[in-house]
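Enquirer:
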Amino acid sequence: MNYEIVCGIETHIELATKTKIFCGCTTEFGGEPNTHCCPVCTGQPGSLPILNQKVVEYAIKAGLALNCKINTKSHMDRKNYVYPDLPKAYQISQYDEPLCEKGYIELDSGKRIGITRIHIEEDAGKLIHESGLTYIDYNRSGVPLIEIVSEPDISSAEEAKEYAEKLQLIMRYIGISDCKMQEGSMRCDVNLSLRKPGDPRFGVRTEIKNINSLSFIQKAVMAEAERQADILDAGGTVVQQTMRYDEGTNSVTPMRDKENSDDYRYFPDPDILRFCVDDKKVEEIRESLPELPFDKLKRYMNVLGLSEATAKQIFRYRMVAEFFEDTLAEGASVKNTANLIVVTIFSNMDTEEEKELFAIRISAAQFAALVKLADEKKINIGVAQSTLQKMLESGKPVEEFIKPEDLVGISDEALESLCKEAIDANPEAAANVRNGKDKAINVMFGYIMKKTGGKADIRKAEVLLRKLIRQ
Amino acid sequence: MRAGIYELAIRLRNREISAVELTKAYIDAIEKLNPAINAYVYLTFDTALKAAEQADQMLKEGDAPLLCGIPMALKDNICTDGIATTCCSKILKDFKPYYDAAVWEKLKAQGAVLLGKTNMDEFAMGSTSETSCYGAPLNPRNTNYVTGGSSGGSAAAVCANLAVYSLGSDTGGSIRQPASFCGVVGLKPTYGAVSRYGLIAYGSSLDQIGPLANSVKDAAIVFDAIKGGDKRDQTSVDYDYGSSLAECLDRDIKGMRIGVAEEFFEGINTEIKSKIEKAIKLFENNGAVIENIRLPALKLALPVYYIIACAEASSNLGRYDGIRYGYRTSSYTGIEDMIVRTRSEGFGDEVKRRIMLGTYVLSSGYYDAYYKKACLIREEINREFDAVFENCDVLVAPTAPNTAFPLNHKGDSPVEMYLSDICTVPVNIAGVPAISVPCGEDSRGLPIGMQIIGRRFGEATVLQAAHFYEQSAGKVIGDYEGGAGI
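Respectively, the protein sequence lines represent chains G and Z. Per this note's numbering: the first sequence = residues 17 to 487. Per this note's numbering: the second sequence = residues 2 to 487.
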């Protein structure tokens with residue numbers, strides 16, 4: 017039997033503010049356990065929270081980038097539950113007045129996945145289980161989070177992955193989080209149910225918690241949809257429960273349920289005043305946003321004329337896109353700049369992370385100086401590539417590798433006499449070409465390249481050689 | 002007549018007495034009397050003497066603040082770096098914070114000499130201080146009676162002259178009611194006037210720290226020293242009171258509009274009622290304009306208070322789980338068992354009762370009927386107070402419907418005990434300031450307190466009215482014999 021997937025995703029993203037949401041402690045990842053702590057983030061008696069305004073600003077950035085409405089009035093609530101990693105026995109979060117509401121992310125297909133809400137909250141500490149004992153590290157306690165809740169608009173595993181991927185990209189672009197799923201700075205919970213096509217009612221849903229990679233989101237949705245379909249096909253009913261995705265076995269299994277039911281007894285936190293975000297502030301933040309990734313992609317294709325494949329390789333890393341655009345601003349051509357980045361620079365970067373960081377040893381201006389030589393045909397693309405490689409390895413500018421005298425290029429007369437020389441030096445190969453063995457021309461190419469240090473225009477040389485051989 | 006802060010400050014500056022000598026006099030008195038009164042639960046004599054030496058140094062150098070070298074006490078829910086702060090609860094037994102409350106930071110910087118931490122109802126929940134895990138403090142005026150609560154130890158210490166002044170906290174009357182029972186002055190400032198940073202929370206939207214002292218002037222001096230905004234407490238306000246409030250107490254009350262709401266007098270003991278009426282007459286005879294006003298929502302203040310305070314408390318007290326600090330049960334099978342046992346053993350009955358009440362009113366299905374409704378009524382009460390203060394400068398009311406209870410009197414009937422907060426809780430709900438000043442004694446010789454309530458940040462007017470009454474009424478209660486002979 018066929019079913020329709022109804023899926024929504026809740027995403028927690030750690031904000032890259034310097035300090036925690038309610039105190040001045042650093043948010044830096046790692047550090048000796050319990051060294052990034054104070055009375056506030058460890059819930060000492062008598063301590064009080066102070067809302068970090070940067071957190072509000074970052075959340076508004078996220079809201080604007082996801083086409084949300086920004087609520088000008090908002091407040092913090094307490095979500096009460098007991099767990100050893102939660103030092104106050106309540107999490108300060110937002111319940112009925114989230115900062116942002118009603119946005120969307122557009123998929124490649126043009127389908128929009130609705131964003132229900134975005135709210136700010138604090139992260140909990142971490143339990144560390146070691147040799148039968150449990151330790152608590154509160155370094156993460158109070159690190160600011162936003163929770164982004166989607167509408168149940170996602171109807172396939174591919175869409176789920178695309179949604180998360182796009183979300184990650186947008187958040188990285190606007191610079192509010194590094195969104196590293198492995199390190200937990202982006203965590204996804206997937207809600208999923210099945211229904212018969214055309215049925216307006218929702219089926220019973222399950223929630224798969226804490227998925228930590230994009231491809232696992234796709235796999236988890238497929239696995240859970242199959243699991244639920246098997247249950248329904250056998251005439252059973254799906255049980256509403258919290259699930260865990262096991263990447264080793266590619267299967268979804270129920271988590272040990274916390275015994276308490278979900279009554280968090282939310283109420284407004286009396287320690288934090290209601291806050292207003294005025295329209296002026298929202299507009300300021302809107303203006304501070306960079307060009308968003310998918311706007312950029314469209315521009316690269318439609319305005320700059322890049323191929324879809326090339327444009328997609330460049331736009332998806334903010335640092336790369338910036339480097340690309342800075343190089344163009346120096347007067348380099350779109351095509352050569354793009355090609356040299358994708359072919360030569362990327363060949364030095366094996367992982368997504370390296371591209372994301374894009375730590376290279378030359379500046380956009382230095383890069384542009386090289387690209388322009390190729391643009392002006394003073395060097396051919398092969399020389400440009402090999403020179404760029406040397407520049408990347410040494411961090412030295414183009415002048416170190418290409419001397420002015422190398423740049424004059426080969427005059428047409430000089431090239432013609434070189435071609436003659438090449439034929440005279442390789443009579444056998446010339447004869448072979450004459451007799452139709454076309455590949456033999458490579459011998460003459462080799463001769464010319466060797467003599468010119470690779471600077472000869474090989475297409476021009478080919479025309480000349482063929483003309484001379486036929487004579 | 003006992004010397005006030007101002008007189009002591011002059012003697013210290015005239016070298017008639019040193020801060021160390023003054024401190025020693027209080028230490029002697031505490032050693033002699035505290036075993037019987039139980040006002041202090043933790044004594045800090047060593048640090049007090051060191052602080053006194055430093056105070057003498059500051060005094061010698063000149064330009065020392067008014068409170069320099071004056072021995073005082075803090076309620077046991079105000080955090081003191083390295084000094085036990087337990088809320089008189091087993092669950093925080095031996096807890097020593099590694100930070101100071103904002104108020105203590107301020108007083109310490111002024112050269113205040115801390116004698117010790119004072120007894121209180123466990124987590125400030127109670128009206129007699131009998132829920133303290135250290136046993137109740139006794140009313141120095143008659144040790145068969147309670148001190149009131151929850152700041153009972155702070156009131157008893159000032160009453161028995163075991164401290165020149167003390168700080169208490171007031172969530173529903175916890176400064177004013179014990180001040181009234183012990184015959185001292187107690188000021189609950191406007192919500193936000195004093196930083197709550199380092200005050201161990203009971204009902205966060207109601208809690209406020211304030212002074213207990215032997216005179217209105219002393220209370221004003223201490224309020225001057227502790228007030229002000231604090232960037233560590235978002236709910237605090239840096240209100241500009243102009244100059245020092247202690248220096249502008251002498252104001253003619255002619256033309257002052259004093260509101261009297263009959264709702265405050267319903268069910269009040271007749272002896273108390275007649276003393277308050279007498280005080281109102283005194284105001285009137287001196288040119289004040291008495292306005293009879295109505296506060297119809299007042300009758301709802303008590304349930305509103307118990308819903309909001311308990312709801313906040315149930316959340317505030319969730320952190321006492323035995324993991325990071327305080328008491329931890331001795332044997333347990335796992336983390337959940339540890340938390341359950343720790344809390345079952347660590348909290349007393351009244352605290353458990355309020356946690357359960359608060360948990361209940363916040364539960365899904367009951368939230369709208371209790372907590373949400375209470376918040377709506379709170380707004381209505383605020384509106385009524387706002388309206389009243391358009392026509393009145395202050396309100397006058399009893400502090401409590403009764404004088405001090407005999408010890409163990411009402412231990413078995415929580416609701417009856419809650420009723421004794423009826424005159425004080427509306428003030429906390431509205432966040433306005435109020436003072437309790439002694440205004441007479443009942444037939445058993447127990448003190449009666451009069452409450453003067455002002456508009457938000459109207460402490461100056463409240464203190465002026467109280468000071469006028471204190472100066473004009475003459476001797477309304479007997480002196481306490483004993484304590485430090487200073």
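Note that the Cβ used here is the ideal one computed from N, Cα and C, for glycine as well.
I want to see whether chain Z comes within less than 8 angstroms of Arg281/G, judged by CB atoms only; does it?
Expert: On the first sequence, residue 281/G is found 265 positions in, with the first residue counted as 1. For Arg281/G, the answer is yes, since a Cβ of chain Z falls inside 8 angstroms of its Cβ.
Enquirer: DSSP on Ile247/G, reduced to helix/strand/coil?
Expert: Stepping through the first sequence from its first residue, residue 247/G is reached at position 231. Helix.
Enquirer: Residues in its own chain within less than 8 angstroms of Cys88/Z by CB, not counting five upstream and five downstream?
Expert: As a first step, residue 88/Z is located in the second sequence; it is residue number 87 there, counting from the start. Only Asp77, Asn78, Met121, Glu123, Phe124, Ala125 and Ile201 meet the Cβ criterion.
Enquirer: Of all the options Asn403/Z, Cys134/Z, Lys218/Z and Leu44/Z, which has the alpha carbon lying nearest to the alpha carbon of Pro72/Z?
Expert: Mapped onto the second sequence, residue 72/Z falls at position 71. For Pro72/Z, the nearest C-alpha among the options comes from Leu44/Z.
Enquirer: Hey, which unbroken runs of the alpha helix (DSSP H) at 4 residues or more fall wholly within the segment 410-479 of chain G?
Expert: Listed in chain order, they are 420-423, 428-441, 443-450 and 457-468.
Enquirer: What is the rounded straight-line gap between the Cα of Lys455/G and the Cα of Gln184/G?
Expert: Position 439 of the first sequence, counted from the start, is the residue given in the question as residue 455/G. Position 168 of the first sequence, counted from the start, is the residue given in the question as residue 184/G. Answer to the nearest angstrom: the Cα atoms are 50 angstroms apart.
Enquirer: Go ahead and pull the three-state DSSP assignment for Gly551/Z.
Expert: Chain Z is shown from 2 up to 487; residue 551/Z falls before or after that span and cannot be answered.
Enquirer: For Ser151/Z versus Gly193/Z, is the C-beta distance shorter than 8 angstroms?
Expert: On the second sequence, residue 151/Z is found 150 positions in, with the first residue counted as 1. On the second sequence, residue 193/Z is found 192 positions in, with the first residue counted as 1. No. Outside cutoff.
Enquirer: Enumerate in chain order the residues of its own chain whose CB-to-CB distance from Val319/G is below 8 angstroms, with the five nearest sequence positions on each side excluded.
Expert: Start at 1 with the first residue of the first sequence, and residue 319/G comes out as number 303. Excluding residues within five positions, none has a Cβ falling inside 8 angstroms.
Enquirer: Inspect the CB distances between the segment 55-64 of chain Z and the segment 90-101 of chain Z and report whether three or more fall short of 8 angstroms.
Expert: Result no; under three Cβ-Cβ pairs closer than 8 angstroms.
Enquirer: Tell me, please, whether the CB atom of Ile288/G is closer than 8 angstroms to any CB atom in chain Z?
Expert: As a first step, residue 288/G must be located in the first sequence, where it is residue number 272. Yes, contact with chain Z.
Enquirer: So, is Asn276/G buried or exposed, given that buried needs 16 or more other C-beta atoms within 10 angstroms?
Expert: For the purposes of this step, residue 276/G is taken as residue 260 along the first sequence, with counting starting at 1. Below a pLDDT of 50, predicted positions are generally treated as unreliable, and Asn276/G, at 48, falls in that range; the measurement from the model is reported next regardless. The residue in question, Asn276/G, is exposed, as its Cβ has fewer than 16 Cβ neighbours within 10 Å.
Enquirer: Spatial neighbours of Thr150/G within its chain, please: C-beta separation below 8 angstroms, excluding the five flanking residues on both sides.
Expert: Numbered from its first residue, the first sequence carries residue 150/G at position 134. Within the same chain, Thr150/G has close Cβ partners Pro100, Leu143 and Ile144.
Enquirer: Let me check understanding here. Comparing Cα to Cα, which of Pro399/Z, Ala37/Z, Gly268/Z and Cys440/Z lies closest to Tyr146/Z?
Expert: Within the second sequence, numbered from 1, the residue matching residue 146/Z stands at position 145. Nearest C-alpha to Tyr146/Z: Ala37/Z.
Enquirer: What are the partner residues of Gly119/G, as DSSP defines its beta bridges?
Expert: Working through the first sequence from its first residue, we reach residue 119/G at position 103. DSSP, once it has assigned bridges, lists Ile131/G as partnering Gly119/G.
Enquirer: Return no unless some Cβ of chain Z is closer than 8 angstroms to the Cβ of Pro61/G.
Expert: Mapped onto the first sequence, residue 61/G falls at position 45. It does: the Cβ of Pro61/G has a partner Cβ on chain Z nearer than 8 angstroms.
Enquirer: Using a Cβ-Cβ cut-off of 8 angstroms, state whether Arg133/G counts as contacting chain Z.
Expert: On the first sequence, position 117 is the one that residue 133/G refers to. By this cut-off, Arg133/G is not an interface position.
Enquirer: Among the residues of its own chain, which have a CB less than 7 angstroms from the CB of Ala380/G, if the five just before and after it don't count?
Expert: Locating residue 380/G in the first sequence gives position 364, counting from the first residue. Closer than 7 angstroms at Cβ, skipping near neighbours: Phe339, Asp342, Thr343 and Glu346.
Enquirer: Could you check which residue in Pro179/Z, Leu163/Z, Gly136/Z and Gly174/Z has the C-alpha nearest to that of Ala1/Z?
Expert: This structure leaves residue 1/Z out entirely; chain Z is present only between 2 and 487.
Enquirer: Quick one: measure Cβ to Cβ for Cys440/Z and Lys282/Z, integer angstroms, because I've assumed they're closer than 8 angstroms.
Expert: Locating residue 440/Z in the second sequence gives position 439, where the first residue counts as 1. Locating residue 282/Z in the second sequence gives position 281, where the first residue counts as 1. Actually they are not in contact, since the Cβ atoms of Cys440/Z and Lys282/Z sit about 12 angstroms apart, beyond 8 angstroms.
Enquirer: Quick one: is Val71/G near chain Z, going by C-beta distance under 8 angstroms?
Expert: Along the first sequence, one-based indexing puts residue 71/G at 55. For Val71/G, the answer is no, since every Cβ of chain Z falls outside 8 angstroms of its Cβ.
Enquirer: Shortest alpha-carbon distance to Thr425/Z belongs to which of Ile6/Z, Ile269/Z and Ile294/Z?
Expert: Here residue 425/Z corresponds to residue number 424 of the second sequence, with the count starting at 1. Closest option to Thr425/Z, Cα to Cα, is Ile269/Z.
Enquirer: Relative to the alpha-carbon of Cys54/G, which residue among Val71/G, Pro160/G, Gly46/G and Lys36/G has its alpha-carbon at the smallest distance?
Expert: Here residue 54/G refers to the residue found at position 38 when the first sequence is read from its first residue. Nearest of Val71/G, Pro160/G, Gly46/G and Lys36/G to Cys54/G, Cα basis: Lys36/G.
Enquirer: Please report how far the alpha carbon of Met197/G lies from the alpha carbon of Phe232/G, in whole angstroms.
Expert: For this step, residue 197/G is matched to residue 181 along the first sequence. For this step, residue 232/G is matched to residue 216 along the first sequence. Rounded to whole angstroms, Met197/G to Phe232/G spans 11 angstroms at the Cα level.
Enquirer: Could you pull the DSSP bridge partners for Gly117/Z from this structure?
Expert: By 1-based counting over the second sequence, the position of residue 117/Z is 116. DSSP output for Gly117/Z lists Leu44/Z and Ala74/Z as bridge partner(s).
Enquirer: With C-beta atoms as the reference, is Tyr261/G less than 8 angstroms away from Ile227/G?
Expert: The residue labelled residue 261/G in the question sits at position 245 within the first sequence. The residue labelled residue 227/G in the question sits at position 211 within the first sequence. Yes. Within cutoff.
Enquirer: Assign Tyr372/Z to one of two classes, buried (16 or more other C-beta atoms within 10 Å of its C-beta) or exposed (fewer than that).
Expert: Here residue 372/Z corresponds to residue number 371 of the second sequence, with the count starting at 1. Buried, since its Cβ has 16 or more Cβ neighbours within 10 Å.
Enquirer: Mind listing, in chain order, the continuous alpha helix (DSSP H) runs of no fewer than 4 residues lying wholly within the segment 398-452 of chain Z?
Expert: Fully enclosed alpha helix (DSSP H) runs of 4 or longer: 415-420 and 426-431.
Enquirer: Do we get a CB-CB distance below 8 angstroms when we pair Lys81/G with the residues of chain Z?
Expert: As a first step, residue 81/G must be located in the first sequence, where it is residue number 65. Correcting the residue identity first, residue 81/G is Ala in this sequence and not Lys. It does not; no Cβ of chain Z falls within 8 angstroms.
Enquirer: Report, in whole angstroms, the separation of the C-beta atoms of Met451/Z and Val438/Z, which I expect to be a contact under 8 angstroms.
Expert: Reading the second sequence from its first residue, position 450 is the one you call residue 451/Z. Reading the second sequence from its first residue, position 437 is the one you call residue 438/Z. Indeed they touch by this definition, with Cβ atoms about 6 angstroms apart.
Enquirer: Arg354/Z to Glu48/G, Cα distance in whole Å?
Expert: In the second sequence, residue 354/Z corresponds to position 353, counting from 1. In the first sequence, residue 48/G corresponds to position 32, counting from 1. Rounded to the nearest angstrom, the two C-alpha atoms are 41 angstroms apart.
Enquirer: Is Asn50/G close to chain Z? Criterion is C-beta to C-beta, closer than 8 angstroms.
Expert: As a first step, residue 50/G is located in the first sequence; it is residue number 34 there, counting from the start. No, because no Cβ of chain Z sits closer than 8 angstroms to the Cβ of Asn50/G.
Enquirer: With three or more beta-carbon pairs closer than 8 angstroms as the criterion, would you say the segment 134-143 of chain G touches the segment 151-160 of chain G?
Expert: The segment 134-143 of chain G is in contact with the segment 151-160 of chain G.
Enquirer: Tell me, which residues are paired with Ile25/G by DSSP?
Expert: Counting from one through the first sequence, the residue named residue 25/G turns up at place 9. Its beta-bridge partners are Val206/G.
Enquirer: Using a beta-carbon distance below 8 angstroms, is Ala312/Z in contact with chain G?
Expert: For this step, residue 312/Z is matched to residue 311 along the second sequence. Taking Cβ atoms only, chain G reaches closer than 8 angstroms to Ala312/Z, which makes this a yes.
Enquirer: Could you tell me the alpha carbon to alpha carbon distance between Cys249/Z and Phe469/Z, rounded to whole angstroms?
Expert: In the second sequence, residue 249/Z corresponds to position 248, counting from 1. In the second sequence, residue 469/Z corresponds to position 468, counting from 1. Each residue's alpha carbon lies about 11 angstroms from the other.
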